[in-house]
Amino acid sequence: MSEKYVLGIDQSTQGTKALLFDKNGLLLARCDLPHKQHINENGWVSHDGNEIYGNILKLIQMVVDKAAIDKKDIVCAGISNQRETSIAWEEETGIPIAPAIVWQCSRAKEIVEKLEKDGYNTMVREKTGIPLSPYFPAAKIAWILKNVNGAEDKELEGKLKYGTMDSYLVYRLTGGVSYKTDYSNASRTQLFNLRSLKWDNVIGKIFGINTENLPEVCDSNADFGETDFNGYLDGKIPILSVLGDSHGALYAQGCHEEGMVKATYGTGSSIMMNIGEKLIHSGQGLVTSLAWGLDGKVQYVLEGNLNYTGAVVSWLKEDLKLIQSAGETEELALSANPFDTTYLVPAFTGLGAPYWKNDAKALLAGMSRTTGRAEIVRAALDCIAYQITDIILAMSEDAGIPIYGLRVDGGPTRNRYLMQLQSDLAGIPVHVPDAEELSGMGAAFSAGIRYGLYKKDEIFHNINRKEFKPSMLAEQKEKKYRGWKQAVSLITDK
7 MSEKYVLGID QSTQGTKALL FDKNGLLLAR CDLPHKQHIN ENGWVSHDGN
57 EIYGNILKLI QMVVDKAAID KKDIVCAGIS NQRETSIAWE EETGIPIAPA
107 IVWQCSRAKE IVEKLEKDGY NTMVREKTGI PLSPYFPAAK IAWILKNVNG
157 AEDKELEGKL KYGTMDSYLV YRLTGGVSYK TDYSNASRTQ LFNLRSLKWD
207 NVIGKIFGIN TENLPEVCDS NADFGETDFN GYLDGKIPIL SVLGDSHGAL
257 YAQGCHEEGM VKATYGTGSS IMMNIGEKLI HSGQGLVTSL AWGLDGKVQY
307 VLEGNLNYTG AVVSWLKEDL KLIQSAGETE ELALSANPFD TTYLVPAFTG
357 LGAPYWKNDA KALLAGMSRT TGRAEIVRAA LDCIAYQITD IILAMSEDAG
407 IPIYGLRVDG GPTRNRYLMQ LQSDLAGIPV HVPDAEELSG MGAAFSAGIR
457 YGLYKKDEIF HNINRKEFKP SMLAEQKEKK YRGWKQAVSL ITDK
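Residue numbering for the sequence shown is 7 to 500, as defined by my numbering.
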């Protein structure tokens, strides 16, 4: 009996990964290719859609060669993608009419400012779960239609397609046969109604977007069409899952039940809480989205995003020159004076959830004459755990659900000091998996389950987790967290 393999494609902001999993869900091989970050004098951030598609075709060959398998044994594929990055392409050829606008690019801010001025923010947030912002695809697609030569004419002629990176890749990989997206990605466009679970025509009109021209929205484990990766495979295989990257990580972490929470520690952080099948709007500055749609049922999430978590460590290294590598931070933090009261509030580009103060500036507070390198490094690590604790507490209050554990992923989770502090501050166990690349794993597992190769009640048990339990005295924890809130108030109360 031949082996069977599942392919995971993780198309992220800095590059793309191809992941190959065996019949037991174990990662056999991984290959990566970066793509160029195009940043112009205005600070606009773009990606070349053709480059990314070409990289995927290269990566499939690379990962098959690395794993030394028979490519005939690959049975299906799943795709996870950078969310909100938006692109438009010609219907006939699949070729982009302009570079993709990356999620953090704010070139569409004037479009959003006009809609805010016209009083649409409350309506948009009520329907879509997210506030008006140039970071979401509605404004980005509107910008493309207004500013790319010939875009509006092509749309009127029915010759233009547009959406997030998942729908573009599905379209290219299936040779234009499949024009689809999934619930997780649709819910992040600011064009999707979370109650009706359909594209919202009213919101489409205020952005100048014809919602009838948007991709078909499907379950996250739907059949998204077949591909042979431009002839590389001898026969076509089905694409059986599509998930936004944070949603893929949530799924791979096994957070399938109401009240389960995961935090991804990267450059920034995405903290997600599965809130089940009932829509809940946040009163704490969080956003509501769809976790996924699986087998005809959707689940919702509350989400908080932080700009500066792992990026704080980069700041220590690249700007302050206090460390040479991220690996030094654990030992330095443990060697710091335990009585030092230094706090770093990393509002380098304002404060996000749950404070939402865009004009805030970063600060170091509570230093003494003996505060030195180790104490500042520790304060930088501490602020990561404080920020995530802020969001966890806000989620619990919004949802009215107690949180019993936090599942985490990302590079900083290898820092034992940080993970123990996270457990202490949040007052819950923190679970660190031995698996990496959880976004692509989530899409691959979802596809493999849909294909019938994996059993859902078994496959997630193959992930082993290290547990950190709260050990800090309650009085000490309250004192430390109170100091954090006081430091934050120095910039939020102005």
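Beta carbons are placed, not taken as given, at the ideal position from N, Cα and C, and that holds for glycine.
As the structure is a prediction and not an experimental result, all values here were calculated from the model.
Limits of the alpha helix (DSSP H) - the one that Asp-71 falls within: 55 to 73
With a threshold of 16 other CB atoms inside 10 Å of the CB of Gly-31, please say whether the residue is buried or exposed. With 16 or more Cβ atoms within 10 Å of its Cβ, Gly-31 is classed as buried.
Would you say Gly-282 touches the ligand PLP, meaning its beta carbon is less than 7 Å from a heavy atom? This structure does not include the ligand PLP; it has no bound ligands of any sort.
Reduced DSSP category for Lys-367 - H, G, I as helix; E, B as strand; rest coil: coil
Starting from Phe-213, follow the beta strand (DSSP E) in both directions and report where the run begins and ends. Run containing Phe-213: none in the beta strand (DSSP E); it sits in the alpha helix (DSSP H), 207 to 213.
Assigned exposure category for Tyr-45 - 16 Cβ within 10 Å defines buried: Reading off the sequence, residue 45 comes out as Ile, not Tyr. Label assigned to Ile-45: exposed.
Could you give the DSSP three-state label for Arg-36: helix, strand or coil? For Arg-36, the three-state secondary structure derived from DSSP is strand.
Rounded straight-line distance, which links the Cα of Ala-353 to that of Thr-3: Outside the displayed span of the chain (7 to 500) sits residue 3, for which this structure offers no information.
C-beta atoms of Trp-298 and Ser-226 nearer than 8 Å: yes
Based on DSSP bridge pairs, tell me the residues matched to Tyr-423. Per DSSP, none; premise fails for Tyr-423.
Look up Gln-305 in the DSSP assignment and say whether it is helix, strand or coil. Strand at Gln-305.
Going by Cα to Cα distance, which pick from Pro-137, Ile-101, Gln-67 and Glu-132 is closest to Lys-115? Pro-137
Using only alpha-carbon positions, find the residue among Gly-356, Ala-371, Gly-372 and Met-373 that is nearest to Asp-365. Gly-356
Across the stretch 461 to 470 and the stretch 435 to 448, are there enough close Cβ pairs to call them in contact, namely three or more that are closer than 8 Å? yes
By Cβ distance below 7 Å, which residues in the same chain neighbour Gly-274 in space, the five residues on each side in sequence not counted? The answer, listed in chain order, is Asn-311, Leu-312, Asn-313, Tyr-314, Thr-315 and Ala-317.
Contact check, Met-279 vs Met-425, beta carbons under 8 Å: no
Jot down the residue ranges of each uninterrupted beta strand (DSSP E) in the stretch 226 to 262, minimum 3 residues, whole runs only, in chain order. 243 to 250
Kindly indicate which residue of Val-51, Val-118 and Thr-128 has the alpha-carbon position closest to the one of Ile-93. Val-51
Could you check what DSSP says for Lys-152 in three-state terms: helix, strand or coil? helix
Three Cβ pairs or more, each shorter than 8 Å: is that satisfied between the stretch 198 to 207 and the stretch 234 to 245? Short answer: they don't touch.
Whose C-beta lies closer than 6 Å to the C-beta of Ser-178 among residues of the same chain, with five residues either side of it excluded? Position check: residue 178 holds Arg in this sequence, whereas Ser was assumed. Apart from sequence neighbours up to five positions away, the residues of its chain that approach Arg-178 with a beta-carbon distance below 6 Å are Tyr-59 and Gly-100, ordered along the chain.
Do you know how far the Cα of Val-293 is from the Cα of Glu-90? 14 Å
Output needed for Thr-217: all residues of its chain with C-beta closer than 6 Å, excluding positions within five of it in sequence on either side, in chain order. Counting only Cβ-Cβ distances below 6 Å, and skipping sequence neighbours, we find Trp-205, Asn-207 and Gly-210.
Can you tell me the Cβ-Cβ gap for Leu-350 and Ala-385, rounded? I've got them flagged as a contact below 8 Å. 4 Å
List the residues that DSSP assigns as beta-bridge partners of Thr-180. Answer is none; Thr-180 lacks a bridge partner.
Using the C-alpha atoms, what's the distance from Pro-344 back to Ser-86? Going from the Cα of Ser-86 to the Cα of Pro-344 covers about 42 Å.
Start and end of the beta strand (DSSP E) containing Asn-280? 275 to 282
Decide yes or no for the touch test of the stretch 70 to 79 against the stretch 20 to 39: beta carbon pairs closer than 8 Å, at least 3 of them. yes
Of the residues Asn-191, Ile-117 and Gly-250, the one placed nearest Trp-149, counting alpha carbons only: Ile-117
Below 7 Å CB to CB, which residues in the same chain sit around Leu-249 once its five sequence neighbours on both sides are set aside? Counting only Cβ-Cβ distances below 7 Å, and skipping sequence neighbours, we find Ser-86, Asp-188, Ser-190, Ser-226, Tyr-257, Trp-298, Gly-448, Ala-449 and Ser-452.
Cβ separation of Gly-231 and Ile-245, assumed to be a contact under 8 Å, to the nearest whole Å: Sure, about 6 Å apart at Cβ, within 8 Å.
Using the Cα positions of Gly-333 and Ile-212, report the straight-line distance between them to the nearest angstrom. 49 Å
Around the Cβ of Asn-48, are there at least 16 other Cβ atoms within 10 angstroms (buried) or fewer (exposed)? Classification for Asn-48: exposed.
What separation, rounded to the nearest whole angstrom, lies between the Cα atoms of Glu-132 and His-287? 8 Å
Can you tell me which of the three DSSP states Gly-316 falls into? Under the three-state reduction of DSSP output, Gly-316 falls in the helix class.
I need the straight-line Cα distance from Gly-416 to Gln-259, nearest angstrom please. 12 Å
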